[in-house]
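Taken in order, the sequence shown gives residues 1 to 109; the numbers are from UniProt numbering.
Every residue gets a Cβ at the ideal spot worked out from N, C-alpha and C, and that includes glycine.
Quick caveat, the model's predicted, so the values are computed rather than measured.
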Amino acid sequence: MSESTPRITAQYLEQFSHQTVRLLGKVRQLRGEQATIDAGGNVSIYLNRDSHLQLNHAVEIIGKVQNDLSVRVMACTDFGPENEIDFVAAEAVVDATHRYREIFYEKDT
(Lines of atoms letter the chains of each structure in order from A; the text may use other names.)
(Lines give C-alpha, C1' and ligand atoms only; values in the text may rest on other atoms or scores of the structure.)
Protein backbone atom coordinates (compact mmCIF):
# COMPACT_ATOMS: atom_id res chain seq x y z
CA MET A 1 0.00 0.00 0.00
CA SER A 2 1.61 3.25 -1.10
CA GLU A 3 -0.72 5.56 0.82
CA SER A 4 0.17 6.12 4.47
CA THR A 5 -2.55 5.54 7.05
CA PRO A 6 -1.60 7.45 10.19
CA ARG A 7 -3.09 6.28 13.47
CA ILE A 8 -5.37 8.90 14.97
CA THR A 9 -7.94 9.46 17.70
CA ALA A 10 -11.06 11.63 17.48
CA GLN A 11 -9.08 14.77 18.34
CA TYR A 12 -7.06 14.50 15.11
CA LEU A 13 -9.98 14.08 12.67
CA GLU A 14 -10.01 17.72 11.53
CA GLN A 15 -6.27 17.65 10.73
CA PHE A 16 -6.79 14.63 8.44
CA SER A 17 -9.88 15.67 6.46
CA HIS A 18 -10.03 13.83 3.08
CA GLN A 19 -7.19 11.50 4.09
CA THR A 20 -7.04 7.80 4.86
CA VAL A 21 -6.42 7.03 8.54
CA ARG A 22 -6.50 4.24 11.15
CA LEU A 23 -8.64 4.45 14.27
CA LEU A 24 -8.76 2.00 17.16
CA GLY A 25 -11.95 2.32 19.12
CA LYS A 26 -14.81 0.74 21.04
CA VAL A 27 -18.08 0.10 19.20
CA ARG A 28 -20.75 2.08 21.03
CA GLN A 29 -23.70 2.16 18.63
CA LEU A 30 -24.83 0.35 15.46
CA ARG A 31 -27.55 1.81 13.20
CA GLY A 32 -27.82 -0.01 9.87
CA GLU A 33 -24.95 1.24 7.70
CA GLN A 34 -23.71 3.62 10.40
CA ALA A 35 -21.90 3.11 13.68
CA THR A 36 -20.39 5.18 16.45
CA ILE A 37 -17.06 4.25 17.96
CA ASP A 38 -15.28 5.74 20.95
CA ALA A 39 -11.75 6.53 19.77
CA GLY A 40 -10.79 9.06 22.41
CA GLY A 41 -14.14 10.69 21.61
CA ASN A 42 -17.13 9.67 19.54
CA VAL A 43 -16.59 9.17 15.81
CA SER A 44 -19.38 8.47 13.29
CA ILE A 45 -18.50 5.64 10.94
CA TYR A 46 -20.10 4.78 7.59
CA LEU A 47 -19.80 1.03 7.11
CA ASN A 48 -19.21 -0.97 3.94
CA ARG A 49 -20.65 -4.40 3.09
CA ASP A 50 -17.67 -6.18 4.62
CA SER A 51 -18.01 -4.43 8.00
CA HIS A 52 -19.25 -6.76 10.71
CA LEU A 53 -19.05 -4.87 14.00
CA GLN A 54 -20.34 -5.92 17.42
CA LEU A 55 -21.27 -3.68 20.32
CA ASN A 56 -18.64 -3.39 23.07
CA HIS A 57 -15.92 -4.84 20.85
CA ALA A 58 -12.64 -3.18 19.96
CA VAL A 59 -12.27 -2.43 16.27
CA GLU A 60 -9.61 -0.97 14.01
CA ILE A 61 -11.02 1.10 11.17
CA ILE A 62 -9.08 2.07 8.08
CA GLY A 63 -11.09 4.73 6.33
CA LYS A 64 -11.29 8.13 4.72
CA VAL A 65 -12.18 11.18 6.83
CA GLN A 66 -15.16 13.02 5.31
CA ASN A 67 -16.05 16.75 5.33
CA ASP A 68 -18.30 16.27 8.37
CA LEU A 69 -15.44 14.46 10.21
CA SER A 70 -17.15 11.10 9.91
CA VAL A 71 -15.11 8.21 8.55
CA ARG A 72 -16.07 6.06 5.53
CA VAL A 73 -14.79 2.52 6.14
CA MET A 74 -12.43 0.96 3.64
CA ALA A 75 -11.51 -1.98 5.92
CA CYS A 76 -12.10 -2.95 9.52
CA THR A 77 -10.87 -5.58 11.94
CA ASP A 78 -12.74 -6.75 15.02
CA PHE A 79 -10.31 -7.28 17.93
CA GLY A 80 -12.88 -8.92 20.21
CA PRO A 81 -14.23 -7.70 23.57
CA GLU A 82 -12.99 -4.20 24.37
CA ASN A 83 -11.63 -5.21 27.80
CA GLU A 84 -8.94 -7.29 26.06
CA ILE A 85 -7.27 -4.20 24.51
CA ASP A 86 -4.99 -1.78 26.35
CA PHE A 87 -6.38 1.53 25.04
CA VAL A 88 -3.91 3.56 27.12
CA ALA A 89 -1.05 1.91 25.24
CA ALA A 90 -2.87 2.43 21.94
CA GLU A 91 -3.25 6.16 22.68
CA ALA A 92 0.47 6.33 23.53
CA VAL A 93 1.21 4.90 20.06
CA VAL A 94 -1.02 7.58 18.50
CA ASP A 95 0.79 10.25 20.51
CA ALA A 96 4.20 8.97 19.38
CA THR A 97 2.98 8.79 15.78
CA HIS A 98 2.19 12.51 15.78
CA ARG A 99 5.12 13.59 17.92
CA TYR A 100 7.54 11.90 15.49
CA ARG A 101 5.40 12.10 12.34
CA GLU A 102 8.38 12.20 9.98
CA ILE A 103 8.94 8.52 10.84
CA PHE A 104 5.31 7.49 10.28
CA TYR A 105 3.76 9.72 7.61
CA GLU A 106 4.24 12.78 5.45
CA LYS A 107 2.26 15.84 6.44
CA ASP A 108 0.21 17.32 3.58
CA THR A 109 0.91 20.95 2.89
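Original post:
Grouping DSSP H, G and I as helix and E and B as strand, with all else coil, what is residue 104?
Top reply: Position 104 of the sequence shown, counted from the first residue, corresponds to residue 104. Residue 104: helix per DSSP, three-state reduction.
Original post:
Closer than 8 Å, CB to CB, is residue 48 near chain C or not?
Top reply: Although the question refers to chain C, the structure presented lacks it and comprises just one protein chain.
Subject >> Limits of the alpha helix (DSSP H) - the one that residue 87 falls within >> reply: One-based indexing of the sequence shown puts residue 87 at position 87. Its alpha helix (DSSP H) spans residues 87-99.
Original post:
Given that a residue counts as buried once 16 or more other Cβ atoms are within 10 Å of its Cβ, and exposed if not, what is residue 101?
Top reply: Here residue 101 refers to the residue found at position 101 of the sequence shown. Answer is exposed; the Cβ neighbour count stays below 16.
**OP:** Using alpha carbons as the reference points, say which of 96, 58 and 44 lies closest to residue 65.
**Re:** Mapped onto the sequence shown, residue 65 falls at position 65. Checking every option, the nearest Cα to that of residue 65 belongs to 44.
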